[in-house]
Amino acid sequence: MARTLAHPLIFVTSFVSRTDYSRPVVPDRPASGAAQAVRHLTIPHALAGRRLDQALAELMPEHSRTRLKLWIESGEIRVDGLAAQPRHKLRGGERIDIDAHTEPPLADAPEVMALDIRYEDDALLVLNKPPGLVVHPGSGNRAGTLLNALLHHDAALAALPRAGIVHRLDKDTSGLMVVAKTEAAQRALVRRIAAHDVLREYLAVARGDVARAVTVDAPIGRHPVQRTAMAVVARGKPARTHVSVVERFLVATLLRCRLETGRTHQIRVHLAAIGHPLVGDAAYGGRDKRSGALAFARQALHAATLRFEHPVTGGALAFDAPPPADFAQLVATLRALPKHART
Numbered sequence: 475m476a477r478t479l480a481h482p483l484i485f486v487t488s489f490v491s492r493t494d495y496s497r498p499v500v501p502d503r504p505a506s507g508a509a510q511a512v513r514h515l516t517i518p519h520a521l522a523g524r525r526l527d528q529a530l531a532e533l534m535p536e537h538s539r540t541r542l543k544l545w546i547e548s549g550e551i552r553v554d555g556l557a558a559q560p561r562h563k564l565r566g567g568e569r570i571d572i573d574a575h576t577e578p579p580l581a582d583a584p585e586v587m588a589l590d591i592r593y594e595d596d597a598l599l600v601l602n603k604p605p606g607l608v609v610h611p612g613s614g615n616r617a618g619t620l621l622n623a624l625l626h627h628d629a630a631l632a633a634l635p636r637a638g639i640v641h642r643l644d645k646d647t648s649g650l651m652v653v654a655k656t657e658a659a660q661r662a663l664v665r666r667i668a669a670h671d672v673l674r675e676y677l678a679v680a681r682g683d684v685a686r687a688v689t690v691d692a693p694i695g696r697h698p699v700q701r702t703a704m705a706v707v708a709r710g711k712p713a714r715t716h717v718s719v720v721e722r723f724l725v726a727t728l729l730r731c732r733l734e735t736g737r738t739h740q741i742r743v744h745l746a747a748i749g750h751p752l753v754g755d756a757a758y759g760g761r762d763k764r765s766g767a768l769a770f771a772r773q774a775l776h777a778a779t780l781r782f783e784h785p786v787t788g789g790a791l792a793f794d795a796p797p798p799a800d801f802a803q804l805v806a807t808l809r810a811l812p813k814h815a816r817t
């Protein structure tokens, strides 16, 4: 059974289904220490139908979209040996040759910072990020980030793009992240994320009564007016979020959200688009009622579950992290309200 919301770009189904994705192909290792070396990779079949520039942005997150586009347009990136345009549609399985000069990464300073590490071996580590911590240095945030802390934790991470970070959480989102410690592990994890082969589930508190489980299928792209925000837009990237109800309260609902794709602000945008923005989300919540039971200083979102195969051993790894104290207190306050319904 399916239902379509008024927004023409949003399709919501009332069931949650698992999709079997083929494994991505791990690219060849580039020459070590070379400033310019031909690098080869194979487009995973999970990215069939995507534009060349979009696919490469997912497969090579260590490079900016602008740089990748310039390399494509200058012929330094070839598809099956031929020059292509950034908008070239892929079928999956193509060989990509990258013959481009890569600049050394901007040096970031190691900083002493406590990290809640849940697992670590020679290839990767899994940590529980607190709310309020910026993941990667950027404009106005050159210090005090997770990346700076990682560089202090393991100096060898300075040799990896983004210090091994393969996916991000928003500053005010808490929860589990995986960080690679070797080039091979980083490439493998990036491709598994691109192939939707890493299970990521979030706990979220949304405003209003979400009556049942839904799957939100709506493309996400840059907001046409607010350039720092994202939105459901016709030319956006495909995005799908599976939402199930954990507990219903008088004025809000505790949800579990599973990402099938990983677009910027995906859960925040999708829940707002179906009329249930996150409690505390100033960017996507409109006139957020920050008083009483709904008073919360950040978006109520926590990356609670992470499941994936080890990029070296192939063994199954599974991690769960309870939400931080402020999130737990919000749920306790909502649960104490009269006339709430539990599912």
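Residues 475 to 817 in my numbering are what the sequence shown spells out, letter by letter. Where a beta carbon is used, it is the ideal one built from N, C-alpha and C, also for glycine.
Original post:
Is histidine 519 helix, strand or coil by DSSP?
Top reply: By one-based count along the sequence shown, residue 519 stands at place 45. Histidine 519: helix per DSSP, three-state reduction.
Original post:
Given that a residue counts as buried once 16 or more other Cβ atoms are within 10 Å of its Cβ, and exposed if not, what is serine 648?
Top reply: Walking along the sequence shown from the start, residue 648 turns up at place 174. Sixteen is the threshold: when 16 or more other Cβ atoms of the shown chains lie within 10 Å of the Cβ of serine 648, as they do, the residue is buried.
Original post:
By how many angstroms is the C-alpha of alanine 659 removed from the C-alpha of leucine 643?
Top reply: As a working note, residue 643 is residue 169 in the sequence shown. As a working note, residue 659 is residue 185 in the sequence shown. Rounded to the nearest angstrom, the two C-alpha atoms are 20 Å apart.
**OP:** My understanding is that valine 653 touches leucine 607, with C-beta atoms under 8 Å, so please give their C-beta distance in whole angstroms.
**Re:** Taking the first residue of the sequence shown as 1, we reach residue 653 at position 179. Taking the first residue of the sequence shown as 1, we reach residue 607 at position 133. Wrong, their Cβ atoms sit about 13 Å apart, outside the cutoff.
**OP:** Give the straight-line distance between the Cα atoms of valine 679 and methionine 704, rounded to the nearest whole angstrom.
**Re:** Position 205 of the sequence shown, counted from the first residue, corresponds to residue 679. Position 230 of the sequence shown, counted from the first residue, corresponds to residue 704. When the Cα atoms are used, valine 679 and methionine 704 turn out to be separated by approximately 20 Å.
Subject >> First through last residue of the alpha helix (DSSP H) which encompasses histidine 744 >> reply: To locate residue 744, count along the sequence shown from 1; it is residue 270. That run of the alpha helix (DSSP H) goes 740-747.
Original post:
Whose C-alpha, out of Glu568, Arg569 and Ser548, is nearest the C-alpha of proline 560?
Top reply: As a working mapping, residue 560 is identified with position 86 in the sequence shown. Nearest C-alpha to proline 560: Ser548.
Original post:
Bridge partners of serine 648, per DSSP?
Top reply: Here residue 648 is taken as the residue at index 174 of the sequence shown, counted from 1. Serine 648 is bridged by DSSP to His776.
Subject >> Cβ-based burial, valine 640 [other Cβ within 10 Å; buried from 16] >> reply: By 1-based counting over the sequence shown, the position of residue 640 is 166. Result: buried.
Original post:
So, do the stretch 655-673 and the stretch 528-538 have three or more beta carbon pairs nearer to each other than 8 Å?
Top reply: Yes, they touch.
**OP:** Answer with buried or exposed for arginine 674, where buried requires no fewer than 16 other C-beta atoms within 10 angstroms of its C-beta.
**Re:** As a working note, residue 674 is residue 200 in the sequence shown. Classification for arginine 674: buried.
**OP:** In the DSSP assignment, find the beta strand (DSSP E) that holds valine 664 and state where it starts and stops.
**Re:** Reading the sequence shown from its first residue, position 190 is the one you call residue 664. From DSSP, valine 664 is part of no beta strand (DSSP E) but of the alpha helix (DSSP H) over 657-668.
Original post:
Is the distance from the Cβ of alanine 767 to the Cβ of arginine 737 below 8 Å?
Top reply: Within the sequence shown, residue 767 is the residue found at index 293, counting from 1. Within the sequence shown, residue 737 is the residue found at index 263, counting from 1. Arginine 737 sits away from alanine 767, with the two beta carbons spaced by 8 Å or more.
Subject >> Coil, strand or helix - tyrosine 495 by DSSP >> reply: Indexing the sequence shown from 1 puts residue 495 at position 21. Note that tyrosine 495 scores a pLDDT of 30, beneath 50, so its modelled location is shaky and nothing firm can be said.
**OP:** Going by DSSP, name the residue or residues bridged to threonine 727.
**Re:** The sequence position of residue 727 within the sequence shown is 253, counting from 1. Under DSSP, the beta-bridge partners assigned to threonine 727 are Ala680 and Arg722.
Subject >> Spatial distance of alanine 692 from glutamate 734 (CA atoms) >> reply: As a position in the sequence shown, residue 692 is number 218, starting the count at 1. As a position in the sequence shown, residue 734 is number 260, starting the count at 1. Distance between the alpha carbons of alanine 692 and glutamate 734 is about 12 Å.
Subject >> Which of helix, strand or coil DSSP assigns to threonine 702 >> reply: Taking the sequence shown and counting its residues from 1, one reaches residue 702 at position 228. Threonine 702: coil per DSSP, three-state reduction.
Original post:
Hey, arginine 513 and isoleucine 572: beta-carbon distance below 8 Å or not?
Top reply: Stepping through the sequence shown from its first residue, residue 513 is reached at position 39. Stepping through the sequence shown from its first residue, residue 572 is reached at position 98. Cβ distance < 8 Å, so arginine 513 and isoleucine 572 count as in contact.
**OP:** Assign phenylalanine 770 to one of three DSSP states: helix, strand, or coil.
**Re:** As a first step, residue 770 is located in the sequence shown; it is residue number 296 there, counting from the start. Phenylalanine 770 falls in the coil class under three-state DSSP.
Subject >> 7 Å CB neighbourhood of glycine 749 in its chain, flanking five on each side removed >> reply: Counted from its first residue, the sequence shown places residue 749 at position 275. The residues are Gly682.
Subject >> Inter-residue Cα distance where the pair is glutamine 818 and isoleucine 484 >> reply: Outside the displayed span of the chain (475 to 817) sits residue 818, for which this structure offers no information.
Subject >> Element boundaries [beta strand (DSSP E), containing leucine 599] >> reply: Indexing the sequence shown from 1 puts residue 599 at position 125. Its beta strand (DSSP E) spans residues 598-603.
Original post:
Going straight from the alpha carbon of glycine 566 to that of alanine 522, what length do you get?
Top reply: Sequence index remark: in the sequence shown, residue 566 carries index 92 (1-based). Sequence index remark: in the sequence shown, residue 522 carries index 48 (1-based). Those two C-alpha atoms are separated by around 5 Å.
Original post:
According to the Cβ coordinates, are arginine 722 and glutamine 773 closer than 8 Å?
Top reply: For this step, residue 722 is matched to residue 248 along the sequence shown. For this step, residue 773 is matched to residue 299 along the sequence shown. Not a contact, by the Cβ cut-off of 8 Å.
Subject >> Beta-carbon spacing of valine 706, proline 698 below 8 Å >> reply: Residue numbering aside, residue 706 sits at position 232 when the sequence shown is read from its first letter. Residue numbering aside, residue 698 sits at position 224 when the sequence shown is read from its first letter. Against a cut-off of 8 Å, the Cβ pair of proline 698 and valine 706 comes out as no contact.
**OP:** Give the straight-line distance between the Cα atoms of valine 553 and histidine 716, rounded to the nearest whole angstrom.
**Re:** What you label residue 553 is simply residue 79 of the sequence shown in a count that begins at 1. What you label residue 716 is simply residue 242 of the sequence shown in a count that begins at 1. For valine 553 and histidine 716, the distance between alpha carbons rounds to 34 Å.
Original post:
So the beta strand (DSSP E) leucine 791 belongs to, where does it begin and stop?
Top reply: Locating residue 791 in the sequence shown gives position 317, where the first residue counts as 1. Unbroken beta strand (DSSP E) run through leucine 791: 790-794.
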